[in-house]
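So that you can map any letter, position 149 of the sequence shown is 149 in full-length UniProt numbering, and since no number is skipped, the others follow by simple counting. Glycine is no exception: its CB is placed at the ideal position from the N, C-alpha and C atoms.
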Amino acid sequence: MAATSLKPLIAVCQLTSTPDKEQNFASCSQLIREAVQRGACVVFLPEAFDFIGSDTQETLSLAESLEGAQIQRYAGLARECGVWLSLGGFHERGKDWASTRRIYNCHLLLDPTGHIVATYRKTHLCDVELEGRVSMKESKFTNPGPEIVPPVSTPAGKVGLAICYDLRFPEISLALTQEGAEILTYPSAFTVTTGSAHWEVLLRARAIETQCYVVAAAQTGKNHERRTSYGHTMVVDPWGSVIAQCQEGPGLCYAEIDLGYLRRIRQEMPICTHRRADLYGRVTVLKKPLPP
1 MAATSLKPLI
11 AVCQLTSTPD
21 KEQNFASCSQ
31 LIREAVQRGA
41 CVVFLPEAFD
51 FIGSDTQETL
61 SLAESLEGAQ
71 IQRYAGLARE
81 CGVWLSLGGF
91 HERGKDWAST
101 RRIYNCHLLL
111 DPTGHIVATY
121 RKTHLCDVEL
131 EGRVSMKESK
141 FTNPGPEIVP
151 PVSTPAGKVG
161 LAICYDLRFP
171 EISLALTQEG
181 AEILTYPSAF
191 TVTTGSAHWE
201 VLLRARAIET
211 QCYVVAAAQT
221 GKNHERRTSY
231 GHTMVVDPWG
241 SVIAQCQEGP
251 GLCYAEIDLG
261 YLRRIRQEMP
271 ICTHRRADLY
281 GRVTVLKKPL
291 PP
């Protein structure tokens, strides 16, 4: 009797990042090591895994370049553990830092040698004013990313990179899926107000309309005196079912990725071939160079 092949296991982290970068790294490294002990081949960290500043000035002062010490430490951790890392939202001082004094919200994918195989800079910036409830102006200190990055092949499947507020724009998920994505990632730091209203329904919608696995690592709890995050880290399968979810507080959830199941869903309900590009066009991935 032929042995059944094991399905790849992923681990998804839930964190409470603070302005303390050392404490945050200690928390992340502990969760990554725990996930590797369990057998995960890819570990997903949320947006702002490196830190969440208490104000704009602190955020800008704590930001680093991709060549800085923080990413080098994660590269070393990937090598030591022999694992893929999705670093879901790094406060990056880009090459234009000296002229713009603004940062990028950068999602990095590291392979088990510690090499950066993809960098996606958040394209949709969260400028939201819900009177008496939420006030955010990401564009005050962040540059919008210039491109959608094609999916990357990993041991768990082809991963498409996005970040948090991108979840509200189905165009990016469609573009990534048309480029071959099987797993869509939305590392996030949703507020309690927006998260309780929209988090799960948006994640499930993106999974259903693309027939992809959706992986959403999240910030949770009190990040500092003026910031509390929603949490509810989860994994949704291509049918739209929630197959893994974190409880309250920092921790991990795990999910097996069954690409055979994904392919069967796409074959039985071939949404991709039913799209009417002749009526409403086709979403495509357009590459633009970073500013000098």
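Check	Outcome
Give me, in chain order, the residues of the same chain whose beta-carbon lies closer than 6 Å to that of D166; leave out the 5 immediate sequence neighbours on both sides.	H124, I172
Determine the extent of the beta strand (DSSP E) in which A217 is found, giving its start and end residues.	Careful: A217 lies outside any beta strand (DSSP E) and carries neither H nor E.
Run the CB neighbour count on T113, radius 10 Å, all protein chains shown included, and call it buried at 16 or more, exposed below.	exposed
Just checking, does the region 190-205 make contact with the region 149-160 on the three C-beta pairs under 8 Å criterion?	no
Whose C-alpha, out of Q211, T16, I71, is nearest the C-alpha of P246?	First, the residue type needs correcting, since residue 246 is Cys and not Pro in the sequence shown. It is T16.
Between the C-alpha atoms of M1 and Q30, what's the straight-line distance to the nearest angstrom?	Caution applies to M1, whose pLDDT of 42 falls short of 50 and renders its modelled position unreliable; the value that the coordinates give is listed next. C-alpha separation (whole angstroms): 40 Å.
Would you kindly work out how many angstroms separate the C-alpha atoms of K137 and E268, rounded to a whole number?	43 Å
To test your reading of the DSSP string, which unbroken alpha helix (DSSP H) runs of 4 or more residues are found completely within the region 138-192?	170-178
Sorted by chain position, which residues of the same chain lie with C-beta nearer than 8 Å to residue 301's C-beta, five sequence neighbours on each side aside?	In the structure displayed, the chain extends from 1 to 292; residue 301 sits before or after that span and is not available.
Looking at the strands, I want to know which residues DSSP matches up with W84.	V42
What distance in whole Å lies between the Cβ atoms of P270 and P155, which are believed to be in contact at a cut-off of 8 Å?	27 Å between Cβ atoms; not a contact.
How far does the beta strand (DSSP E) with C106 in it extend, from its first residue to its last?	104-110
Under 9 Å, do H91 and D50 count as touching if we go by C-beta distance?	yes
Indicate the three-state DSSP secondary structure (helix, strand or coil) for S241 in the structure shown.	coil
Is it true that the region 143-151 meets the region 247-259, where meeting means three or more beta-carbon pairs spaced less than 8 Å apart?	no
Identify whether Q14 lies in helix, strand or coil by the three-state DSSP scheme.	strand
Please work out which residues of its chain come closer than 6 Å, Cβ to Cβ, to T191, disregarding the five sequence neighbours upstream and downstream, and give them in chain order.	V134
Assuming the contact rule is C-beta atoms closer than 8 Å, A175 and I148 should be a hit. Round their C-beta distance to whole Å, please.	5 Å
In chain order, what residues of the same chain lie with their CB nearer than 8 Å to the CB of A3, ignoring the 5 residues before and after it?	Caution applies to A3, whose pLDDT of 47 falls short of 50 and renders its modelled position unreliable; the value that the coordinates give is listed next. Within the same chain, A3 has no close Cβ partners at all.
Assuming the contact rule is C-beta atoms closer than 8 Å, C13 and F44 should be a hit. Round their C-beta distance to whole Å, please.	6 Å
Just the C-alpha distance for L62 and G281, rounded to the nearest angstrom, thanks.	42 Å
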